[in-house]
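Numbering (our numbering), first residue to last: 39 to 213.
Below is one structure; the comments refer to it alone.
See below:
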């Protein structure tokens with residue numbers, strides 16, 4: 039097995055485990071403000087996107103260092119993978135719950151796991167096929183903007199469905 043594939047598999051496991059743990063951190067931390075910047079503060083779909091975003095971002099910092107030389111654009115691949123995995127959450131959730139008319143806890147968990155896998159498939163494919171790292175600085179800007187958006191919108195969410203707990207109160211309820 040090649041090094042990239044191994045790191046991708048480990049990344050899926052790390053991100054899933056950290057995401058599951060992360061789901062409970064804010065409550066276990068006594069609703070600590072700082073914890074809420076990185077972990078879900080409510081059951082909205084937006085907040086649950088953090089469960090892919092931050093663990094995958096953390097893992098990418100480690101893996102990129104270890105995978106230097108394996109791909110010319112490992113950083114670009116990770117950033118696109120993080121974005122793909124993060125935004126797969128609302129796409130999959132709203133697609134399946136829109137079709138069914140309701141959501142199910144086991145499908146919500148499956149949505150999370152599939153989103154993580156999608157993110158790492160994107161990393162693997164792009165790292166293998168990418169020939170240059172053009173546009174990496176734009177992706178870094180998008181990732182940075184998303185970090186800021188997660189932090190701001192955790193406590194000052196816009197009044198739209200993605201951020202509304204009532205519309206997706208059971209969206210990722212694992213309790």
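C-beta atoms are modelled at their ideal positions from N, C-alpha and C, and glycine is treated no differently.
Status (buried if at least 16 other CB within 10 Å, exposed otherwise) for residue i
i, result
"residue 91", "buried"
"residue 85", "buried"
"residue 45", "buried"
"residue 71", "exposed"
"residue 213", "Note that residue 213 has pLDDT 43, beneath the 50 cutoff, so the model's placement of it is unreliable and no number is given."
"residue 208", "The predicted position of residue 208 is uncertain, since its pLDDT is 47 and thus under 50; a value taken from the coordinates is nonetheless stated next. Result: exposed."
"residue 141", "buried"
"residue 196", "exposed"
"residue 61", "buried"
"residue 66", "exposed"
"residue 101", "buried"
First through last residue of the alpha helix (DSSP H) which encompasses residue i
i, result
"residue 101", "83-105"
"residue 77", "It is not in any alpha helix (DSSP H) - residue 77 carries neither H nor E in the DSSP assignment."
"residue 60", "41-66"
"residue 195", "Counting along the chain, residue 195 falls outside any alpha helix (DSSP H), and DSSP gives it neither H nor E."
"residue 133", "112-138"
"residue 158", "143-167"
Reference residue i; option with closest CA among the options
i, options, result
"residue 126", "97, 139 and 146", "146"
"residue 148", "171, 167, 123 and 168", "123"
"residue 119", "81, 160 and 137", "160"
"residue 105", "198, 195, 42 and 184", "42"
"residue 59", "93, 192 and 172", "93"
"residue 76", "188, 109 and 101", "188"
"residue 98", "112, 74 and 197", "112"
"residue 168", "88, 107, 128 and 132", "107"
"residue 117", "162, 143, 193 and 52", "162"
"residue 69", "198, 202 and 192", "192"
Assumed close pair residue i, residue j - CB separation to whole angstroms, cut-off 8 Å
i, j, result
"residue 82", "residue 177", "About 25 Å separates the two Cβ atoms, so there is no contact after all."
"residue 54", "residue 151", "6 Å"
"residue 115", "residue 184", "In fact, because the Cβ distance is near 17 Å, the residues do not count as touching under 8 Å."
"residue 110", "residue 40", "Between residue 40 and residue 110 the Cβ distance is about 16 Å, and since that is not below 8 Å, they are no contact."
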